[in-house]
Structures are given as C-alpha cells and as structure tokens.
Amino acid sequence: MSNIHGIGSFRDNAPSAGGGPQQGAGGYRGAAGYPQGGGGFSQMVDEGEIPAGHISLLKVGGGAFPDLCDLFCPRFRILCFTTFISVVQVIMLIVCMIVGATMFNGAFVKGNDLGGPGPQTFLFMGAKYLPYIQAGQVYRFVTPIFLHGGILHLASNLFFQCRIGFIFELRWGLANYIAVYFLTGIGATYFSCLLSPASISVGASGALFGLIGADLAYLIMNWRALPNSEKYQELCIVLCILLINFLFGMTGGGDGNIDNSAHFGGLVFGFLIGFALTNLLQAEDPMTTKWRIGGWVSYIVLSIICLCCVFLVVQA
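Last residue of the sequence shown? That's 493 in the numbering used here, and every number before it is there in order.
Here you go:
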C-alpha cells in the first residue's frame with residue numbers, strides 16, 4: 178500500500194525559498210439503506226456463529242476462489258459513502274491535473290514519480306501547509322483528504338479504501354463511519370503539522386490508518402463476542418498491514434519522503450475515536466458507557482492539545 182509521498186521531492190517549479198515551502202520534507206499522505214451499527218448480518222464459522230452486526234473482513238463469498246469484486250472491493254455498493262468519497266477523490270485528481278496544466282507547470286511534472294502535477298498546484302488546491310494554516314486557512318486540516326499526488330498515489334489508496342471501507346461502513350453504520358473517516362483524517366493532519374511542519378502533503382491515507390486504528394478498538398471492545406478464528410485472523414491482518422507500512426515508511430518508500438507522522442496520527446486518533454463510534458456486538462455490555470465516554474474524552478483532549486501546539490508552539 179502506497180500512502181504518503183513527498184511533494185517536497187518535486188524538482189520542477191517548486192516555491193521559492195524566500196516565502197514558499199521547503200523542499201525535501203514534504204509528504205503525500207503515502208448512504209442510504211444501512212442497518213445501524215451494521216446490524217442484521219450474521220455468518221457461520223467453523224466453531225460458532227459470528228454475532229449479528231459483525232461483517233467478516235475475511236469471508237466475503239462462497240467457493241474456494243472469490244470473484245474480483247470480493248477480492249478488491251468486498252460488499253461493494255453504489256449507494257454508499259465509500260463509493261462516493263472514492264469518486265470525489267478521482268474527480269479531484271482530474272481537477273488538479275487540469276489546474277496544473279492550465280495555471281502552473283503541467284498536469285505531469287518530471288519530479289513527480291507518482292504521475293501528477295507539481296507542488297504549486299497542490300498548494301493552490303488546499304494541501305496541508307502549516308504556514309498557511311497558521312495564517313487562518315484552517316480548511317487545510319480537511320482538504321488534503323480529498324487530494325492525491327498522482328495516479329499511482331490515488332490508485333494505491335483507493336485499493337486499500339475499497340478493500341476495507343465497504344465492510345467497515347456496514348459494521349459501524351453510515352454516520353459513524355463518516356465521522357471516523359474525517360475525524361481521523363483531521364487528526365492525521367494535526368500530527369503532520371506538529372512533526373513535519375515544513376511539508377506540503379496531501380492524501381487520504383491518514384484517514385485510512387484511522388480506520389485501522391478504529392478497527393483495533395472495535396476488536397478490543399468485542400473480543401469476547403467474536404469466535405477465535407475470526408478475531409485472531411483479523412487481528413493478524415491488521416497488525417501485518419501496520420508492520421508492512423512501518424517497514425515501508427522506515428525505508429522512505431523508495432524516495433525518502435513518506436510522511437509517517439500523518440500515518441501515526443491517523444492511527445492514534447482512529448484508535449481513540451473507535452471506542453466512541455464503532456459498534457458493540459453485545460447490547461448489554463456493562464462497559465458500554467465507559468468505552469463511549471473514554472473514547473470521546475480522549476479524542477477531544479488530544480485534539481485540543483494538538484491545536485494549541487499547532488497555533489502557539491510550532492514554528493514552520
């Protein structure tokens with residue numbers, strides 16, 4: 178999975194040193210008809226029944242060989258948020274290319290190995306850049322979620338988003354899924370501002386790491402309700418995804434410009450908000466109130482700390 182790559186690595190038409198972004202430190206961040214909390218779905222596994230409300234991340238279709246839809250976008254539906262946000266992200270990349278071609282140095286620049294425009298285009302379109310955020314452009318906490326640095330960047334994120342997004346959306350419910358997606362994407366931008374303040378970055382992978390973090394919280398809350406094979410296999414998949422991306426990030430993804438701070442921020446905020454927004458499979462769970470209050474309080478407190486640091490402490 179390709180996530181956040183450095184816009185600062187672009188060599189063509191970068192902003193000047195006098196007032197523009199620094200190079201070499203940038204980063205791409207490598208529905209109607211839903212049952213509440215994903216309810217109404219149940220499946221059978223070898224040692225027992227998977228509780229209603231849990232949609233398996235592993236068993237998506239019958240037969241030994243799943244079809245392509247089950248392999249790449251299980252539980253695909255047209256009328257859902259995952260489809261909507263994916264289409265929006267494709268459209269926004271096309272718009273970025275048109276803007277780059279007509280207003281800046283082209284739809285494809287030589288320094289962008291991901292197949293997209295240069296850094297001035299992304300700055301114009303709303304990329305995360307701390308000096309502009311501190312100047313009052315706070316919408317840049319959100320807009321990077323809709324932008325991607327190129328065709329390869331978008332393709333890698335869409336694969337991951339479609340592979341897990343449709344299932345999580347059914348599990349947690351439409352409103353909760355949307356909230357997790359955007360709240361963790363914003364949290365990823367907070368961490369990028371704090372730990373990589375001079376970078377220009379775009380991409381939805383901070384929100385995607387947030388979905389993984391929220392799924393960890395979901396597994397913790399529902400550990401006793403899930404059959405052993407289901408929960409251990411899903412936990413193994415989640416941990417493998419995190420390990421692969423950690424190792425990939427340590428090597429720089431081949432160009433040394435992955436914004437690991439945004440990945441980590443999305444993961445942390447996702448884990449916290451997951452306790453507040455993902456569904457509990459046991460309706461009579463005595464821990465419900467503690468999970469919910471703890472998730473919201475921890476998310477809000479960490480957000481306030483990050484915002485104070487972004488505007489009062491960090492200097493780009």
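Where a beta carbon is used, it is the ideal one built from N, C-alpha and C, also for glycine.
Source: prediction; values computed, not measured.
{"Item": "Would you give the residue range spanned by the beta strand (DSSP E) that I377 belongs to?", "Value": "I377 to V379"}
{"Item": "Which partner residues of K408 appear in the DSSP bridge assignment?", "Value": "In the DSSP output, where bridge partners are listed per residue, K408 has none listed."}
{"Item": "Can you check which of these residues, W349, L291 and Q311, is closest to S494 by C-alpha distance?", "Value": "Nothing about residue 494 can be reported from this structure: the residues present for the chain run from 178 to 493 only."}
{"Item": "Classify Q492 as buried or exposed, calling it buried when 16 or more other Cβ atoms lie within 10 Å of its own Cβ.", "Value": "exposed"}
{"Item": "Got a sec? Which residues, its chain only, sit under 8 Å from S369 by beta carbon, not counting five neighbours each side?", "Value": "G204, R206, K305, S376, S378, G383, D436, S438, A439 and G442"}
{"Item": "Using only the alpha-carbon positions, how far apart do Q314 and F301 sit?", "Value": "12 Å"}
{"Item": "For L412 and F318, I'd like the C-alpha separation in whole angstroms.", "Value": "30 Å"}
{"Item": "Thinking C-alpha only, which one of N399, K408 and P374 is nearest C483?", "Value": "P374"}
{"Item": "Which residues bound the alpha helix (DSSP H) around F368?", "Value": "L351 to L372"}
{"Item": "Go through the segment 426-482 residue by residue and report every complete run of the beta strand (DSSP E) that reaches 3 residues or more, in order.", "Value": "none"}
{"Item": "Would you say S263 reaches chain B, if we count a Cβ-Cβ gap shorter than 8 Å as a contact?", "Value": "Going by chain labels, chain B is absent from the structure shown, which holds only one protein chain."}
{"Item": "Between G387 and P321, which are expected to be in contact by the criterion C-beta below 8 Å, what is the C-beta distance as a whole number of angstroms?", "Value": "That pair is no contact at about 13 Å."}
{"Item": "Alpha carbon to alpha carbon, how far is L256 from Y409? Give it in angstroms, no decimals.", "Value": "31 Å"}
{"Item": "How long is the line joining the alpha carbons of I389 and G277, rounded to whole angstroms?", "Value": "33 Å"}
{"Item": "Of the choices M398, F448, A402 and V490, whose alpha-carbon is the least far from that of K467?", "Value": "M398"}
{"Item": "How many angstroms separate the CA atom of I355 from the CA atom of I470?", "Value": "19 Å"}
{"Item": "Between the Cα of G133 and the Cα atoms of G326, L457 and N405, which residue gives the shortest distance?", "Value": "The structure shown does not extend to residue 133, since the chain is modelled only from 178 through 493, so no value can be given for it."}
{"Item": "Kindly identify the DSSP beta-bridge partner or partners of K305.", "Value": "S378"}
{"Item": "Sorted by chain position, which residues of the same chain lie with C-beta nearer than 7 Å to F343's C-beta, five sequence neighbours on each side aside?", "Value": "C250, P251, R252, F253, R254, C257 and T259"}
{"Item": "So V267 and L331 are supposed to be a Cβ contact under 8 Å. How far apart are they, rounded?", "Value": "7 Å"}
{"Item": "What do you reckon, are the CB atoms on F448 and L393 nearer than 8 Å?", "Value": "yes"}
{"Item": "Return the residue from the list G472, A460 and C485 that minimises the CA-CA distance to P228.", "Value": "A460"}
{"Item": "For the putative contact between L458 and H231, defined by C-beta atoms under 8 Å, what is the C-beta separation to the nearest angstrom?", "Value": "6 Å"}
{"Item": "Could you give the distance in angstroms between the alpha-carbon of P294 and the alpha-carbon of N334?", "Value": "18 Å"}
{"Item": "Could you tell me the boundaries of the alpha helix (DSSP H) in which S233 lies?", "Value": "Counting along the chain, S233 falls outside any alpha helix (DSSP H), and DSSP gives it neither H nor E."}
{"Item": "Considering only C-alpha positions, which residue in the set I477, S475 and A402 is nearest to E226?", "Value": "A402"}
{"Item": "Measure the alpha-carbon distance for F446 versus G362 and round it to whole angstroms.", "Value": "9 Å"}
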